[in-house]
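Structure, as structure tokens:
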Amino acid sequence: MAYIHRVPAVERALQILEWIAERPEGASPSDLMERLGLSRTGTFALLNTLKARGYLEQMGPRGRYRLGPRWWALAARAHPERTLRELFRAEARGFSESIALVRPAGDEGVVMEAVPGRHPLIGHWEVGERFPLSESAAGWVFLADREAGRRWEWIRRNGIARRRVGSLLEIAAPICPDGHRPYAALAVRLPAARASHALRESLRSAAARLSVRLGAPVYQPYAVEPPELPLRPLRPPEIAAFLEGPWVARLIGLRTDGRPYAVPVWYVWEQPALWIAAFPGSRWPDYVRAHPRITLLIDEPWPPLRRVRVEGEALPLPFPEGPEGLIARLTHRYRVDWPPPRYDLETFRILPERMEGRRGLMAS
Numbered sequence: 001m002a003y004i005h006r007v008p009a010v011e012r013a014l015q016i017l018e019w020i021a022e023r024p025e026g027a028s029p030s031d032l033m034e035r036l037g038l039s040r041t042g043t044f045a046l047l048n049t050l051k052a053r054g055y056l057e058q059m060g061p062r063g064r065y066r067l068g069p070r071w072w073a074l075a076a077r078a079h080p081e082r083t084l085r086e087l088f089r090a091e092a093r094g095f096s097e098s099i100a101l102v103r104p105a106g107d108e109g110v111v112m113e114a115v116p117g118r119h120p121l122i123g124h125w126e127v128g129e130r131f132p133l134s135e136s137a138a139g140w141v142f143l144a145d146r147e148a149g150r151r152w153e154w155i156r157r158n159g160i161a162r163r164r165v166g167s168l169l170e171i172a173a174p175i176c177p178d179g180h181r182p183y184a185a186l187a188v189r190l191p192a193a194r195a196s197h198a199l200r201e202s203l204r205s206a207a208a209r210l211s212v213r214l215g216a217p218v219y220q221p222y223a224v225e226p227p228e229l230p231l232r233p234l235r236p237p238e239i240a241a242f243l244e245g246p247w248v249a250r251l252i253g254l255r256t257d258g259r260p261y262a263v264p265v266w267y268v269w270e271q272p273a274l275w276i277a278a279f280p281g282s283r284w285p286d287y288v289r290a291h292p293r294i295t296l297l298i299d300e301p302w303p304p305l306r307r308v309r310v311e312g313e314a315l316p317l318p319f320p321e322g323p324e325g326l327i328a329r330l331t332h333r334y335r336v337d338w339p340p341p342r343y344d345l346e347t348f349r350i351l352p353e354r355m356e357g358r359r360g361l362m363a364s
């Protein structure tokens with residue numbers, strides 16, 4: 001017998017999730033009220049509930065709503081392979097070297113997805129390529145979870161594997177949806193002469209972001225306690241390299257009534273200035289115009305725990321490449337894998353008057 005009793009509030013909540021899921025650019029409350037015929041009070045009650053539970057997130061104060069981290073974590077549990085492939089393709093855009101997504105299959109590794117590098121001379125990955133786990137850096141990522149020995153201890157301690165074959169170098173980092181056990185590996189293959197510390201850090205950070213987006217509460221591969229991280233300043237080149245990453249900054253300043261505020265913002269680092277953008281509905285541009293002296297805090301939530309503090313004056317100025325250029329830069333920078341709408345963005349330029357960085361926690 002068909003069950004005919006339904007809960008209207010649940011149906012409306014599911015309608016909201018389904019409608020927003022079809023619009024990666026997000027939806028405003030007015031969109032939902034108009035398209036779904038919902039009341040204002042009911043719409044905001046449902047949005048606030050879904051937001052509090054993590055199934056939706058809001059793009060800034062009074063901003064549009066899009067699917068939140070709990071939705072993606074749930075989707076990842078139901079369809080981990082498909083979700084991981086989609087997230088990988090977005091992350092791969094941030095690399096100029098050939099990059100691959102590798103999964104274990106018995107004693108072999110299999111390339112699930114691959115994106116070629118953008119240099120004239122590159123390493124190659126082929127989708128469907130199979131290799132013994134013992135003969136690749138990506139395979140070593142999985143072996144380190146069960147083998148004993150100095151090599152495997154080094155990989156567990158550093159959270160990354162490196163293997164050189166002739167003139168080519170492979171570097172791989174574990175993707176851990178539970179935060180600890182390698183489920184997949186993110187790997188690059190390139191001429192050894194082009195390898196750099198910055199590339200290793202970028203790969204490790206990308207693997208951490210993928211893990212978190214798949215539901216990891218923390219990124220701690222192999223459940224190894226991180227070593228003591230001596231507190232030290234970041235040198236100017238290290239600060240510049242760190243600011244190139246797709247971090248979300250916290251904008252801190254004073255409201256028009258003099259009270260403090262802190263809001264998350266996307267930014268573009270275009271030396272010597274940083275550019276921040278306000279999406280429609282954001283309130284903070286009014287605050288910045290009233291009190292242009294601001295602070296930006298940018299940090300990473302996993303070792304080596306780098307963070308940068310920027311102090312300066314935020315001035316409302318057009319981005320040199322125009323609004324479409326800024327949107328293109330933001331979507332590339334933040335690995336957004338969809339064409340956003342033509343937002344009427346308001347942009348601010350920040351010329352740092354003071355900029356300092358730190359890494360680590362414990363003083364040596």
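So for the sequence shown, my numbering puts the first residue at 1; every next one is plus one.
Ideal Cβ positions, reconstructed from N, Cα and C, are used throughout, including at glycine.
As a quick exercise: from the options, pick the residue whose alpha carbon is nearest that of residue i.
{"i": "Leu-84", "options": "Tyr-183, Gly-357, Glu-244", "result": "Tyr-183"}
{"i": "Leu-365", "options": "Gly-26, Arg-35, Arg-12", "result": "What the structure shows of the chain is the stretch from 1 to 364, and residue 365 is not part of that stretch, so it cannot be assessed."}
{"i": "Arg-53", "options": "Met-59, Arg-146, Gly-68, Ala-192", "result": "Gly-68"}
{"i": "Glu-356", "options": "Ile-239, Phe-348, Phe-131", "result": "Ile-239"}
{"i": "Val-115", "options": "Leu-203, Glu-108, Ala-105, Glu-126", "result": "Glu-126"}
{"i": "His-291", "options": "Arg-250, Tyr-267, Thr-256", "result": "Thr-256"}
{"i": "Trp-72", "options": "Ser-134, Glu-57, Gly-63", "result": "Glu-57"}
{"i": "Leu-87", "options": "Gly-215, Pro-264, Val-268", "result": "Gly-215"}
{"i": "Leu-168", "options": "Phe-142, Arg-157, Asp-178, Arg-189", "result": "Arg-189"}
{"i": "Arg-64", "options": "Gly-281, Pro-320, His-180", "result": "Gly-281"}
{"i": "Trp-302", "options": "Glu-225, Pro-264, Glu-244", "result": "Glu-225"}
{"i": "Leu-251", "options": "Leu-133, Pro-285, Arg-6, Met-112", "result": "Pro-285"}
{"i": "Val-268", "options": "Gly-258, Ala-328, Pro-217", "result": "Ala-328"}
{"i": "Gly-179", "options": "Pro-217, Gly-117, Ala-173", "result": "Pro-217"}
{"i": "Gly-123", "options": "Ile-175, Ala-187, Ser-211, Asp-107", "result": "Ala-187"}
{"i": "Ala-249", "options": "Arg-40, Gly-322, Leu-330, Leu-296", "result": "Leu-296"}
{"i": "Val-10", "options": "Glu-34, Thr-43, Glu-324", "result": "Thr-43"}
{"i": "Pro-246", "options": "Tyr-334, Arg-66, Arg-151, His-5", "result": "Tyr-334"}
{"i": "Pro-104", "options": "Val-141, Pro-260, Glu-324", "result": "Val-141"}
Let me know the secondary structure DSSP gives residue i once reduced to three states.
{"i": "Arg-367", "result": "The structure shown does not extend to residue 367, since the chain is modelled only from 1 to 364, so the question has no answer here."}
{"i": "Leu-143", "result": "helix"}
{"i": "Leu-243", "result": "helix"}
{"i": "Trp-275", "result": "strand"}
{"i": "Trp-269", "result": "strand"}
{"i": "Thr-83", "result": "helix"}
{"i": "Ser-196", "result": "coil"}
{"i": "Thr-49", "result": "helix"}
{"i": "Gly-322", "result": "helix"}
{"i": "Ala-148", "result": "coil"}
{"i": "Ile-160", "result": "coil"}
{"i": "Gly-42", "result": "helix"}
{"i": "Met-59", "result": "coil"}
{"i": "Pro-182", "result": "coil"}
{"i": "Tyr-317", "result": "The displayed chain sequence assigns Leu, not Tyr, to residue 317. Looking at Leu-317 - three-state DSSP - the assignment turns out to be coil, as it is neither helix nor strand."}
{"i": "Ile-122", "result": "coil"}
{"i": "Arg-23", "result": "coil"}
{"i": "Arg-333", "result": "helix"}
{"i": "Glu-225", "result": "coil"}
{"i": "Arg-209", "result": "helix"}
{"i": "Arg-66", "result": "strand"}
{"i": "Glu-129", "result": "coil"}
What whole-angstrom Cβ distance do residue i and residue j have, given they're in contact under 8 Å?
{"i": "Trp-275", "j": "Leu-345", "result": "Not really, about 10 Å apart at Cβ, beyond 8 Å."}
{"i": "Gly-288", "j": "Ile-298", "result": "In the sequence as presented, Gly is not what sits at residue 288; that position holds Val. The Cβ separation is near 17 Å, so there is no contact."}
{"i": "Leu-231", "j": "Arg-358", "result": "6 Å"}
{"i": "Ala-314", "j": "Ile-294", "result": "5 Å"}
With burial defined as no fewer than 16 other Cβ atoms inside 10 Å of the residue's Cβ, what is the status of residue i: buried or exposed?
{"i": "Gln-220", "result": "buried"}
{"i": "Thr-49", "result": "exposed"}
{"i": "Glu-353", "result": "exposed"}
{"i": "Ala-21", "result": "exposed"}
{"i": "Glu-91", "result": "buried"}
{"i": "Val-165", "result": "exposed"}
{"i": "Glu-270", "result": "exposed"}
{"i": "Arg-163", "result": "buried"}
{"i": "Thr-347", "result": "buried"}
{"i": "Gly-128", "result": "exposed"}
{"i": "Glu-18", "result": "exposed"}
{"i": "Glu-97", "result": "buried"}
{"i": "Met-1", "result": "Since pLDDT at Met-1 reaches only 44, below the 50 mark, its modelled position is unreliable, and no value is offered."}
{"i": "Glu-170", "result": "buried"}
{"i": "Ala-27", "result": "buried"}
{"i": "Leu-14", "result": "exposed"}
{"i": "Glu-201", "result": "buried"}
The ligand COA and residue i: does any heavy atom of the ligand fall closer than 6 Å to the residue's C-beta?
{"i": "Ser-196", "result": "In the structure shown, the ligand COA is absent, as is every other ligand, since no ligand is present at all."}
Give me the DSSP bridge partner(s) of residue i.
{"i": "Thr-347", "result": "Ala-277"}
{"i": "Gln-220", "result": "Note: Gln-220 sits in no beta bridge, so no partner."}
{"i": "Ser-98", "result": "Arg-189"}
{"i": "Val-165", "result": "Leu-168"}
{"i": "Ile-298", "result": "Val-308"}
{"i": "Arg-250", "result": "Pro-264, Leu-297"}
{"i": "Pro-174", "result": "Ala-185"}
{"i": "Val-10", "result": "Note: Val-10 sits in no beta bridge, so no partner."}
{"i": "Val-111", "result": "Val-102"}
Does the beta carbon of residue i come closer than 7 Å to any beta carbon on chain D?
{"i": "His-119", "result": "In the structure shown, chain D does not exist; there is a single protein chain."}
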